[in-house]
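Which chain is which? The protein sequence lines are W, F and G, in order. So in the working numbering, the last spot in the first sequence is 415, and the numbers never skip. So in the working numbering, the last spot in the second sequence is 830, and the numbers never skip. So in the working numbering, the last spot in the third sequence is 1245, and the numbers never skip. Just so it is clear, CB atoms sit at the ideal spot from N, CA and C, and this is done for glycine as well.
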Amino acid sequence: RERWYEKISLRGYAQFRYNHTLNRDELLSNQGDRSIGRNNEFFLRRGRVIISGQPHERVFFYIQPEFASLVSGTEQVAALRDFYADLFLTENKEWRIRAGLSKVPYGFENIQSSQNRLALDRNDALNSAVPNERDLGIFLYYAPTAVRERFRRLVESGLKGSGDYGMLGIGIYNGQGPNARDLNKNKHVVFHSTYPFELPFVNHQMVEIGMDAYTGQYGVSASPVVPVNPSFFPAGSSSAGQAIPVAPVLRNGGNYLDERVAWHFVLYPQPFGIQAEYTIGRGPELNRDRTEVVTGSLSGGYVQLFYNYQCDTYCLNVFPFVRYQEYFGGRKSEGNVPRNSVRELEIGLEYQFNRALELTVMGTFTSRNSSDSQFDPVACTSFGNSPGVNNIGCLQTPYQRNSGNLIRFQLQWNF
Amino acid sequence: RERWYEKISLRGYAQFRYNHTLNRDELLSNQGDRSIGRNNEFFLRRGRVIISGQPHERVFFYIQPEFASLVSGTEQVAALRDFYADLFLTENKEWRIRAGLSKVPYGFENIQSSQNRLALDRNDALNSAVPNERDLGIFLYYAPTAVRERFRRLVESGLKGSGDYGMLGIGIYNGQGPNARDLNKNKHVVFHSTYPFELPFVNHQMVEIGMDAYTGQYGVSASPVVPVNPSFFPAGSSSAGQAIPVAPVLRNGGNYLDERVAWHFVLYPQPFGIQAEYTIGRGPELNRDRTEVVTGSLSGGYVQLFYNYQCDTYCLNVFPFVRYQEYFGGRKSEGNVPRNSVRELEIGLEYQFNRALELTVMGTFTSRNSSDSQFDPVACTSFGNSPGVNNIGCLQTPYQRNSGNLIRFQLQWNF
Amino acid sequence: RERWYEKISLRGYAQFRYNHTLNRDELLSNQGDRSIGRNNEFFLRRGRVIISGQPHERVFFYIQPEFASLVSGTEQVAALRDFYADLFLTENKEWRIRAGLSKVPYGFENIQSSQNRLALDRNDALNSAVPNERDLGIFLYYAPTAVRERFRRLVESGLKGSGDYGMLGIGIYNGQGPNARDLNKNKHVVFHSTYPFELPFVNHQMVEIGMDAYTGQYGVSASPVVPVNPSFFPAGSSSAGQAIPVAPVLRNGGNYLDERVAWHFVLYPQPFGIQAEYTIGRGPELNRDRTEVVTGSLSGGYVQLFYNYQCDTYCLNVFPFVRYQEYFGGRKSEGNVPRNSVRELEIGLEYQFNRALELTVMGTFTSRNSSDSQFDPVACTSFGNSPGVNNIGCLQTPYQRNSGNLIRFQLQWNF
């Protein structure tokens, strides 16, 4: 019998950050990095260990816990990111079924590993479609052997490819994301296509283009929020004169149509790279009066320019990059589904000391909506307890937009 | 010094399900599979990784986290199932002490691994004695070398044995189950016996019979529930006319006598198999008026018929099975300890593609009590918010019995 | 390419306890062992698995989940203790940076592994400075090669050394401990020094002395507590006549100066050992009236005498030990930061069967403050529900001091 350690292997990586807001403590992010803002702290963004292997020639398994999860107020608890099996339908592995908890093949950056991404967080437009990028479901992938070989080479050569999610893929999944249960009988359906190829007229220059789409019913939640035209607590009440928060009305038991289509284009960095994606669609969003969740349209995307500098000494590769991203639409994973308006410019540098160690520094010029339904600015959070704070004023700006700058440092180690 | 990977090994398995209720969304299960009912969803029932090894000739350790645990509303968090050590008292390993978090040797199906069980969930009667099958304690096991060899062979040959929990065993343990703390000074005591043997008059046909018993004090919890003869909110109250929920009275600080005895019989599938267990006992249960938790008697069991078809091609083994189970008694792990009445008929098929992959399909005809103390049918859960729903009617059927059919699919991969 | 199992290794240990209070159920501990008191139960104190390795000659990583964590009421959930990388600045590894979640080098016992410590829990004085001993931050360590070799030898020879946290160290870290987020912009700074050396006049007798210090701002939390001179609920109220709990006032947004200095001395057990530490400092504490958290001074330490008996047969080593410890000061990790007064005498024996198995028995004579802000004695916890219990009396002794004796047993297995 084969030894277990020949069939199973262990690897992983960590992303350890220091976040520094330059001019505005109210800068909180509801996308990716929950340590942004306020306290300029050290933060373990990702702590991943991956167990994978092939117990049978037709079966491959993959398990990835995230040791830096937040569970009910406790940081650094182990929660699953992936727990799936690939079942190869053909001997050449061109056709396979992936079952379990795995990434939903929607968008390029979503399926690219964070271990390889340049920007510290994923873009809002594509990532808000599949929070945490994963779900429980069954996916069918097809990729010809030649294309599979290209997917592999684009990752292993350090060109920051997405890995192999098929040249074509189709899947059904719950739709509420990982670490959650589905909220309706309707399942989401996703279609995925991407094609990496060598430009015939340039020396080995790789390009990838593709398109993805999904549709489903997403279950949203509501919590009290002060509407645009509020009622007020009557005189004599202990909250006299303050606006009364009301939970927005939800239709159809809270289940809303959620569908998007996306395009991506990648010019791999040999040495100059371009990466761009755009998405449009419609889904739930809080109406302007903040009284009801309705169906609205959304759009957004990003473009990233980057350069692959190969070092002679003291480092392996250096990647300067600049990315502009925007997103206009509801954020379905948040209570009340506030409509977000995000514009962000990021400039950074990834410095690879060796295969095991990277340092990234990134400056961000941001303007985005807060996810705080009640109190804004932050000084008002101790609502009702802080003498001298104008609580009414606070209450009347839920989901306020904040602009400002921040700088972040990330040390990544791979093993 | 020996290499670590020669002393320690890694293995595991996953159970990925799709649950489909055929005719009744109110079918929820308080036994095993929390995804039953309502939303027909994909669900990771088990995601197990096992680390075990022998750092010394007299010491064996075993660690099994469950990556599909529910912790405070978050799914797929890693919580322990096992973390124990076996201390071999004799060189031939016939006598050993097992200390730590491990399975309580009560019943056959409870100690059989879910990796090997045919039915998707354990039966109510035996499993309600030891929710999650495990506890913190110390156990003494004895098995002669010949019997140890039979235990091993009954698992490895695919005959779905229970593994080695001793021919005789005795143990003391907390009694509140894993992932919980004890609630009283009294410890539970369990006695275990089982004997696998070859029938002399049939060719190598294996049979196993045994008996188990335990006693202890179990700490129960109470929460408000509408009694059979309720009071009503007075006119003028915001809940005017509705029944008032009251927490049932608990005696002895909530600690109740909890003791059972059980018998099991297994005719191993060579190729036709029979497996049966029965338990009687007494323990806490909510009285008929729903006003107090008292001590009541309980009984239940199951019988399973199955067949072991060995494939020539395309598969390894196929096991068709049918199981009938019933249980009448309190469910101690639930708040208020409602008295359950469960009758269930299951028909299914386990198809083993290879040692790494199995697909099970199972139909269930069920009638069991809901664990919902307040609202039933499900449509009433949004109590107080849904205009047009008769909330009073809802409130008056806590722990209602639901009948219906469901079909479930399970893909299991082993590594 | 090198095999993964040559670069990465797995090990771990478990501590499984049985706690027995001899004469007082109210003995609860807010330091270390949360199973002390009341129910005399089996408890998994630690369940550790360590993954570590060297993916590059200049990079070492270390991951240690604690499988016995308590997360939101659920026991035995996996939460991180360590997740760090060592970056060696020099080829001889004398200088290194440690980044991520790791131990804060403050005190000897804090950085010594629990796997090696004799007493079942760390002392209050030093450990209350760094609850759970760890934090997110960056540390710079220096140790000459000869000293590094001594650190290694003092652990591997079974002399119960602390491991290598540098001869000199300096670090900045969040300050709120692991599994939490920072609550202010101010980071903690720590300075560490220790020096192990061979006494010239005794045969190979090793001695270690050192000094540590840190400073920072710690964010505390407040919750309602009955003050010394309380107001009372008015007649006619449902709580008529009872004292009204009030949350103490917090200054500076709850952030208080927190700084300490500590000294340690170790005479390694060859065969007779002495280990002693003392700390002084100042930090937040609840004032005497229980109305406000102020800055107060603190002090405490311990001295331990122990003996290293090397067995001929049936065991490896046996360590009898006696420890006296005391602490007077606020406990910053608790709500309201009650001022603690702790005096404890411990007598115990660690019996090492072999390298994989140890049994420790320890008796404790203790006098320490409860962490219960409202109800004391325990009989009052069902405040408002228990007829016949004098709730007012209960309420008026928050953080009461309890004295009593307990005996504990611990089985530890290493792998």
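Chain-ordered chain G contacts of residue i [CB-CB under 7 Å]
| i | result |
| --- | --- |
| Val-474/F | Ala-1186, Leu-1187 and Trp-1243 |
Bridge partners - residue i, DSSP secondary structure assignment
| i | result |
| --- | --- |
| Phe-151/W | Paired residue(s): none; Phe-151/W is not in a bridge. |
| Phe-1245/G | Answer is none; Phe-1245/G lacks a bridge partner. |
| Asn-369/W | Arg-401/W |
| Glu-91/W | Beta-bridge pairing links Glu-91/W to no other residue. |
| Ile-689/F | Leu-682/F and Leu-720/F |
| Ser-1023/G | Leu-998/G and Met-1041/G |
| Thr-291/W | DSSP output for Thr-291/W lists no bridge partner at all. |
| Gln-1240/G | Arg-847/G and Thr-1190/G |
Beta-carbon spacing of residue i, residue j below 9 Å
| i | j | result |
| --- | --- | --- |
| Val-492/F | Gln-479/F | no |
| Lys-837/G | Phe-415/W | yes |
| Arg-260/W | Tyr-214/W | yes |
| Ala-929/G | Arg-473/F | no |
| Leu-874/G | Ala-898/G | yes |
| Gly-1005/G | Asp-1012/G | yes |
| Thr-1109/G | Gly-1126/G | no |
| Ser-902/G | Val-486/F | yes |
| Ala-276/W | Asp-212/W | no |
| Ile-866/G | Arg-1238/G | yes |
| His-607/F | Gly-631/F | no |
| Glu-1055/G | Pro-885/G | The amino acid occupying residue 1055/G in the given sequence is Val; Glu does not appear at that position. In this structure, Pro-885/G does not lie closer than 9 Å to Val-1055/G by Cβ. |
| Gly-669/F | Val-708/F | yes |
For residue j and residue i, the rounded distance between their alpha carbons
| i | j | result |
| --- | --- | --- |
| Val-804/F | Asn-336/W | With a pLDDT of 39 at Val-804/F, under the threshold of 50, the modelled position of this residue cannot be trusted; read the value that follows with caution. Approximately 24 Å, taken between the alpha carbons. |
| Pro-520/F | Ile-512/F | 13 Å |
| Asn-40/W | Asp-25/W | 9 Å |
| Gln-430/F | Ala-79/W | 17 Å |
| Pro-546/F | Gly-592/F | 6 Å |
| Ile-762/F | Ile-274/W | 56 Å |
| Gln-270/W | Lys-518/F | 57 Å |
| Glu-773/F | Tyr-13/W | 32 Å |
| Thr-194/W | Phe-42/W | 37 Å |
| Ala-544/F | Tyr-739/F | 19 Å |
Neighbour list for residue i in chain G, Cβ cutoff strictly below 8 Å
| i | result |
| --- | --- |
| Arg-596/F | Ser-865, Asn-869, Glu-871, Phe-873 and Glu-905 |
| Val-71/W | Val-901, Ser-902 and Val-907 |
Interface partners of residue i on chain G, CB under 9 Å
| i | result |
| --- | --- |
| Ser-371/W | Here the premise fails: no neighbours, minimum Cβ distance about 16 Å. |
Chain-ordered chain F contacts of residue i [CB-CB under 9 Å]
| i | result |
| --- | --- |
| Tyr-913/G | In the sequence as displayed, the identity of residue 913/G is Phe instead of Tyr. Near Phe-913/G there are no residues of chain F at all, since even the closest Cβ is about 14 Å away, more than 9 Å. |
| Tyr-835/G | Arg-418, Trp-419 and Tyr-420 |
Chain-ordered chain F contacts of residue i [CB-CB under 7 Å]
| i | result |
| --- | --- |
| Leu-257/W | Residues of chain F passing the Cβ test: none, with the nearest at roughly 17 Å. |
| Arg-782/G | Nothing can be reported for residue 782/G: it is not among the residues displayed for chain G, which extend from 831 to 1245. |
| Ala-973/G | Neighbours of Ala-973/G on chain F: none; closest Cβ ~25 Å, over 7 Å. |
Contacts that residue i makes with chain W (C-beta to C-beta distance below 7 Å)
| i | result |
| --- | --- |
| Arg-567/F | What Arg-567/F touches in chain W: nothing, since even the nearest Cβ is about 15 Å away. |
| Lys-1015/G | Asn-39 and Asn-40 |
Amino acids of chain F, ordered along the chain, whose beta-carbon sits closer than 8 Å to that of residue i
| i | result |
| --- | --- |
| Ala-1077/G | Those do not exist, as Ala-1077/G stays about 25 Å from chain F at its closest Cβ, beyond 8 Å. |
| His-264/W | Within 8 Å Cβ-Cβ: nothing; His-264/W doesn't reach chain F, min ~26 Å. |
| His-56/W | Asn-769, Arg-770, Ala-771 and Leu-772 |
Neighbouring residues, chain W, relative to residue i (Cβ below 8 Å)
| i | result |
| --- | --- |
| Asn-1170/G | Chain W residues near Asn-1170/G: none, gap ~24 Å exceeds 8 Å. |
message: Across the segment 309 to 321 of chain W and the segment 288 to 299 of chain W, are there enough close Cβ pairs to call them in contact, namely three or more that are closer than 8 Å?
response: no
I'd like to know if the segment 1152 to 1170 of chain G and the segment 989 to 1002 of chain G are in contact, where contact means that at least 3 CB-CB pairs between them fall below 8 Å. no
I'd like to know if the segment 441 to 450 of chain F and the segment 26 to 36 of chain W are in contact, where contact means that at least 3 CB-CB pairs between them fall below 8 Å. no
Next on the checklist: Count Cβ pairs between the segment 135 to 155 of chain W and the segment 164 to 182 of chain W that sit closer than 8 Å; are there 3 or more?
Outcome noted: yes
I want to know whether the segment 210 to 227 of chain W touches the segment 239 to 252 of chain W - three or more CB-CB distances under 8 Å. yes
Would you check if the segment 402 to 409 of chain W and the segment 361 to 369 of chain W touch, i.e. whether three or more CB-CB distances between them fall below 8 Å? yes
Review point. Counting Cβ pairs, one atom from each stretch, are 3 or more of them under 8 Å apart for the segment 941 to 951 of chain G and the segment 911 to 921 of chain G?
Key: no
At least three beta-carbon pairs within less than 8 Å, the segment 139 to 147 of chain W to the segment 341 to 350 of chain W: no
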